[in-house]
Amino acid sequence: MKGPLIHHYPRGPLVTGLPADSLLIEVLQHGCWNWPSETDFDISEIVAHLPNIHPGESDTIHWKLNSGRFSSAAVFSFLTSRSPTVMWHVLLGGRFKIPRQAFILWLAIKGRLSTMDRPWINQREDGCVLCNFAARETHQHLFFDCPYSKRCLAILKENARFQWPKEEWNQGIMWASRKWRGKHLWHAGSRAALASIVYHVWTERNCRKFRSQRRRPKW
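Each residue of the sequence shown is one higher than the one before, starting from 51 at the first, in this note's numbering.
Put into structure tokens, the structure is as follows:
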């Protein structure tokens, strides 16, 4: 039961004869509840939900969830909904992880990079700067339909034997999530290479868009 009692039992003032702004002390006598009438159903239900009160003693706060021990982690877990574990979480970790690259990869997987196809972006400027506005800038285009990112991917395949399927971006992520799950050096290196190329493509996009600087893809 949460909130003011008047919200749950609107007949309370009528049944008890107490004003809606009454204080607790008005229904307490020697530390016990002393309601004007406890025979009414509403009043008896109210009394059943109320704990004993000891006037003159300081209030204490008790954490009743889990083990009863309070922690910020327990509060966060209680207040937030827990989503199911996703397959692609394995792509964000590993011994070669670079945090800023893993963060950009996470945004790219979630489709949350500020690409020009976002609803709040001016639709007249939704072209991809990496291919001279020849196509609309989307996550799918950037990874790896764009000629620039295709060239970066080809260089990575030639020099590091990096594997990536010729599939749609989200399907490629699911493929990689299944293939690179282990702790083997090859799996860790592949995850790091994916984060690196995604980060490079995105930073090159930003350099061209905001600084008018261009870099050719190279090993």
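We treat Cβ as the ideally placed atom computed from N, Cα and C, and that holds for glycine.
Only a predicted model underlies this, so the values are computations on that prediction, with no experimental measurement involved.
Along the length of the segment 114 to 142, whole beta strand (DSSP E) runs at least 3 residues long do not occur. For F193, the number of other beta carbons within 10 angstroms of its own is at least 16, and it is reported as buried. DSSP, read as helix, strand or coil, puts Q263 in coil.
If you look at C202, you'll find it in the alpha helix (DSSP H) that goes P197 to A210.
Going by beta carbons, R255 and R264 fall outside the 8 Å limit.
Less than 8 Å separates the beta-carbon of A245 from that of I148.
R241 is positioned such that its CB atom lies closer than 8 Å to that of L141. I205 and P134 do not touch by the CB rule: their CB atoms are close to 36 Å apart, not below 8 Å. Residue environment analysis places M137 among the exposed positions, since fewer than 16 neighbouring C-beta atoms fall within 10 angstroms of its C-beta.
Where M224 is concerned, the enclosing alpha helix (DSSP H) starts and stops at W219 to K229. Across the structure, R119 and F126 are spaced so that their CA atoms are roughly 14 Å apart.
Taking a 10 Å sphere around the C-beta of E187, we find 16 or more other C-beta atoms and assign the residue as buried. Relative to S262, the option among Q190, K200, N182 and P63 whose CA is nearest is N182.
With fewer than 16 other Cβ atoms from the protein chains shown falling within 10 Å of its own Cβ, L73 counts as exposed.
If you ignore the 5 residues before and after W83, its C-beta comes within less than 7 Å of the C-beta of V77, V97 and L100, all in its own chain and listed in chain order.
The Cβ neighbour count for S121, taken over all protein chains shown within 10 Å, is under 16; the residue is labelled exposed. Within the model, the alpha-carbon separation for G161 versus H189 is close to 7 Å. Taken atom to atom, the span from the alpha-carbon of G177 to that of E218 is near 19 Å.
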